[in-house]
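**Q** Here it is: the structure, laid out below.
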Amino acid sequence: MLYVSLLGEQSVTHGATGPAVTRSPRAIALVGYLVTHAGLPQPRQRIASLFWPDSSDAQARTNLRRELHHLRQVLGGDSALLATATDLSWQDTPHCRVDVRVFDAERRAALAASEDEEVRAHAGAALAEYHGELMPGLADEWLFESRAELEQQCVSLCDLLGDAQCRLGDLAGAAETARRRIRLRPLEELGYRTLMELQADLGDRAGAVSTYHQCAARLERELGVVPDRATQAAFRRLLADAVPSRESRLVGRTHEFTRLRERWQQAARGQPSVALVRGDAGVGKTRLVVELARLARSQGAVVAGTQCFGTSGRLALAPVADWLRNPVLQPALATLAPVWRAEVDRLVPAGKDSGPAPVVRAVADAWQRHRFFEGLARALTGAGRPTLLVLDNAQWCDQETLAFLLFCLGLEPRAPLLLAATQRSDPGDGTLTGWTERLRATGRLSAVDLSPLDLDDTARLAESVSGLLPSGDELTLLHAATGGFPLSVVEALRSGGPPGDLEAVLTERLRQPSPDAREIAGLAAAVGRDFSLDLLTEASDLDAEAVVRAVDELWRLRILREFRDGYDFSHDLLRDAAYRQVTRARRWLLHRRLAQSLELLHPGDTGSVSAQLAEQYARGGRPDRAVAFYRRAAELAAGTFAHGEAIRLLREALSLLADAPAGPETDRRELAVLEALSGPLNARLGYASPDLQRALERSIVLAERLGQQDSTLVALVGLWTSRFVQGRTARAHEAAKRALELVDDDRTKDELNGSAHFAFAGSSVSLGRPGEALRHFDLAARLTRGAPSLPIGTRPEVHSLAWAAHAHWLLGHEDEALRSCREAVRLARTMTHPYSLAVALAYAGITHQMRGDLDEVEELSAELRELCGRYGFAYYREWGLVLGGWVRGDADGLADIRRGVANLKAEGSLARMPYWLALQADLLARHNRPGPARAALDAALVVGQARDDLWWLPEVLRLRSTYDGREQGRIRLKTAVDLAAAQGSTTLRLRCERDLDRY
């Protein structure tokens, strides 16, 4: 059976979950048009002109015939599509299920039902079909009326179903139906009133209060009004208290707002950019951006906002996740291609049945970060209309979110997208400074700096808040005491006392609430970020009724504000002030209670709050629990390629373990953290990172102390990688030899054994032992065949073949070398693993360079550079630069070689440096620059001998002999011949002997 889905998505599939049978947007739109007019013949000419208004009549009819031909193929023998020479129409058939038609049939049955049970059954079935608006993402004019009609029918069904559920005593079901109505009509107060009353009847007074707060915040944010009298009356029946006044109006920011508005207009026309509002705390940055968001909403734009928190208990990419969860972006998500939806699901799973995010091996799968970012970017920019993303407190934003935003702004150069961010004058750790500098270099940054208000604007703001214009002396005192900072002005007036410094004003403001409300404010401040009523109720000593009243009191005093589905302080400075009022001893207790409450509220699903749990347990005196949750949070961060965030979290865990009592249990915990840390360190900082080396060396000490052989072997192979890339060949070989000594065919896994053989083989090549290397490469390939990846991140069969080609060439096995490198590239192309392909191309480039195959080197290096640029592979990108520069041969080629060599040195990646310097010397010689060429060869000899990187030294000696006198040249060549012979390097020995014969 064919399933046609038009509500909340656009698809035609075989079966409910089967493959798509068409991806043609026009074909699906045509089905949608006919379905919404089912049973009514539609003239072909009208359809053609509606669907292709910019085409001639003849071309439009041709286009229609093409889509009809495609639809007939999709529908097969089904007779749902009726076509005559002049008309088209849709009729329902048993073999084609259309969600719009099912919705309509069930809706009609619900309206005709005489019993509440029948109403519930049919209305529930109809609503189950309504997954979202009709054909989301499509903006054809013919669709608007049908879309609005279906949405209104859904709203009416919610009212019908809710009434029936109430009569049947199903209050919980009725509450859920009311929530759905609110999602459909978020600015209609009837839905909120209905839900409040149902929540009160269910005994959920906290939920009812929260619903009112959400209603009031939404109305104020989007319409600038307070709830109407009926809604206020419903709220008073809950608490019998007054409702808050409106937010103060924006004053004194005409120039700054004009700049923001102009930037928004440019972005809406297809110039994606960032507007960064900067200033000291309390100067009104958020208020200005809120006003811009109101303007954008009034123009029909997509507006999604979030904020960052100055706490370590955060998850990577949390701001992006907040934006993607915003209801205004759900239609765009529904139209994403499956490949991009799968990437979004890593961060924001589509539903409970979507399963866990794919496991990411930090090194092996780091290349997927590009595709992951592209999926997120397509989701945020796919709404089909101008989009404003708001990011408050960007100074606390995580590195991964900042990196993603740079990517997103560059992906679609004509996307109608503006990021409006706020930043305190102090940029924090400097991460944001680097980000803004990169944006400024691209011309996509517009900074708006805010200063305190002058005397006149302070007077206008005071009048807006209090309703009274202060007298001359009062105004002078107010401005002098507050410095013209809007937050200070507003809070001073709300505190009711004499104006003073901001800390004193905020302290006075927090004395206004009742004792219970002050206690809840302290508990909320200990959370460190936004929070839910459920969390406060669970963690507080007060009963639920008292917590609800306290939160409402704080909300009415504008100390708290509605945020997402919960609450937050109206300003971070208020949170800080509330936390300062909690004694140190009580803070410890509050953090522990909050941690325990978070676990209770997320049974079996603590991943989403793992970083928050770690911080709360750490501050609550439970480092053992904190370490476990830091590891879990780091695992989730790595799962979204946020390796910098994973490193931060794991280092927090290590700092706690440093203070733990010594003993085997602490050693086991530290080893587990270090094992989790090595992958992100490698992915973010590279093989040569000293931090990675230290982590691996410490892992080996702990694993040996605990007698954990597998862990020791894994760490030794990792240490081999680090030392080898650093150019410490002999020390790397020592690590490989130790790993090989641990190999036990009966006890250790083949994959681990193969990794040890691979490491031993690799350093054997560089030590000038190609024959020994080949034997171990063969063993590595056999033992690791089918393994997902080596610890260094590559597919073992690819890397072993690619590197073995060098050993074959050195031994004089020309044909085997060529076969091995070509097979590595061929195999890598069959895999969806770009990193392994980069390895195969890089090693093949060296093989062909040694053979003198210039065309192959040029082709391979060009592909390697493109691949590394696309996925951000730094190490092998430098190989491509050097090889490409060598084969190019001109001045630009020489510059590329120098840049590649310099980059490798800067990264600490000194492996193969004699080879790279020899290529540089060869090109310098071709440019008739003997002095620099001789210097490069001398440097190659020095670095090769100092670092035991010996495999290419016979060739370096041969090249260097050309700059010697006759006798000295003969001696140097004889040394080269002897060295090549000792290494078993037949090819290099023959090269040197040929040159020696000329003497």
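Just so we're on the same page, the numbering used here is the position in the sequence shown counted from 1, plus 1274.
The beta carbon of each residue, even a glycine, is placed where N, CA and C say it ideally should be.
Return helix, strand or coil for Asp1815, following the three-state DSSP convention.
**A** coil
**Q** Examine the Cβ distances between the segment 1450 to 1465 and the segment 1416 to 1432 and report whether three or more of them are shorter than 8 Å.
**A** The segment 1450 to 1465 makes contact with the segment 1416 to 1432; the number of CB pairs closer than 8 Å reaches 3 or more.
**Q** Just how far apart, CA to CA, sit Arg1568 and Arg1943?
**A** Spanning the two alpha carbons is a distance of roughly 50 Å.
**Q** I want to check one thing, is the minimum distance from the CB of Cys2095 to the heavy atoms of the ligand FAD below 7 Å?
**A** The ligand content of the structure shown is nil, which means the ligand FAD is not present either.
**Q** With DSSP collapsed to three states, give me the class of Tyr1841.
**A** strand
**Q** What is the DSSP secondary structure of Leu2194, counted as helix, strand or coil?
**A** Per the sequence presented here, residue 2194 reads as Gln, with Leu not at that position. Residue state, collapsed to three classes: helix.
**Q** Quick check: the segment 2198 to 2208 against the segment 2217 to 2225, are at least 3 beta-carbon pairs closer than 8 Å?
**A** no
**Q** Classify Phe1681 as helix, strand or coil using the three-state DSSP reduction.
**A** helix
**Q** Val1499: buried (16+ other C-beta within 10 angstroms of its C-beta) or exposed?
**A** exposed
**Q** Check Phe1805 in the structure and name its three-state DSSP category.
**A** strand
**Q** Between which two residues does the beta strand (DSSP E) carrying Asp2164 extend?
**A** No beta strand (DSSP E) contains Asp2164, which DSSP labels as neither H nor E.
**Q** Give the range of the alpha helix (DSSP H) segment to which Arg1698 is assigned.
**A** Segment Leu1691 to Arg1698 is the beta strand (DSSP E) holding Arg1698; no alpha helix (DSSP H) there.
**Q** CB Val1664 to CB Leu1550, shorter than 8 Å?
**A** no
**Q** Could you give the first and the last residue of the continuous alpha helix (DSSP H) run that contains Thr1750?
**A** Gly1746 to Thr1756
**Q** For Gln1473, count neighbouring Cβ atoms within 10 angstroms of its own Cβ and tell me buried if that reaches 16, exposed if not.
**A** buried
**Q** Leaving out five residues on either side along the sequence, give the residues of the same chain with a beta carbon under 6 Å from the beta carbon of Gly1895.
**A** Trp1862
**Q** Exposed or buried, His1529, counting other C-beta atoms within 10 Å across all chains shown (16 or more means buried)?
**A** exposed
**Q** Please report the distance separating the alpha-carbon of Phe1915 from that of Leu1713.
**A** 22 Å
**Q** Relative to the alpha-carbon of Val2161, which residue among Glu2132, Ala1507 and Leu1412 has its alpha-carbon at the smallest distance?
**A** Nearest C-alpha to Val2161 among Glu2132, Ala1507 and Leu1412: Glu2132.
**Q** Are Val1548 and Leu1719 close, meaning C-beta to C-beta below 8 Å?
**A** yes
**Q** Count the CB pairs spanning the segment 1589 to 1605 and the segment 1798 to 1808 that are closer than 8 Å, and state whether there are at least three.
**A** In short, these stretches do not touch, since the Cβ pair count stays below three.
**Q** Taking a contact to mean a Cβ-Cβ separation below 8 Å, would you say Glu1496 touches Leu1469 in this structure?
**A** no
**Q** Taking DSSP as the reference, what is the three-state secondary structure of Leu1281?
**A** DSSP places Leu1281 within a strand segment (E or B) once states are collapsed to three.
**Q** Using a beta-carbon distance below 8 Å, is Asp1723 in contact with chain B?
**A** In summary, chain B is missing from the structure at hand, where a single protein chain is found.
**Q** Tell me the rounded alpha-carbon separation between Arg1421 and Leu1887.
**A** If I take the Cα positions, the gap works out to 44 Å.
**Q** Considering only the alpha carbon of each residue, which of Thr1367, Ala1962, Gln1604 and Leu1621 lies closest to Glu1283?
**A** Gln1604
**Q** Helix or strand or just coil, what does DSSP make of Val1622?
**A** coil
**Q** Just the Cα atoms here: how many angstroms apart are His1835 and Leu2134?
**A** Note that residue 1835 is Arg in the sequence shown here, rather than His. In a straight line, the C-alpha of Arg1835 is about 59 Å away from that of Leu2134.
**Q** Short of 6 Å in beta carbon distance, which residues of its chain neighbour Trp1709, apart from the five on each side in sequence? Order them along the chain.
**A** The answer, listed in chain order, is Leu1676.
**Q** Glu2229 and Arg2263 - do their beta-carbons sit closer together than 8 Å?
**A** no
**Q** Where Ala1631 and Glu1407 are concerned, what is the direct C-alpha to C-alpha distance, given to the nearest angstrom?
**A** No answer about Ala1631 holds up, because its pLDDT of 45 lies below 50 and its placement is not dependable.
**Q** How many Å lie between Glu2015 and Ala2006 at the Cα?
**A** So the alpha carbons of these two residues sit roughly 14 Å apart.
**Q** Which residue from Thr1661, Ala1885, Ala2214 and Gly1553 puts its Cα closest to that of Gln1540?
**A** Thr1661
**Q** For the beta strand (DSSP E) that Gly1553 lies in, which residues bound it at each end?
**A** Ser1547 to Gly1553
**Q** So what does DSSP say about Cys1370, is it helix, strand or coil?
**A** strand
**Q** According to DSSP, which residues form a beta bridge with Val1286?
**A** Val1278 and Thr1296
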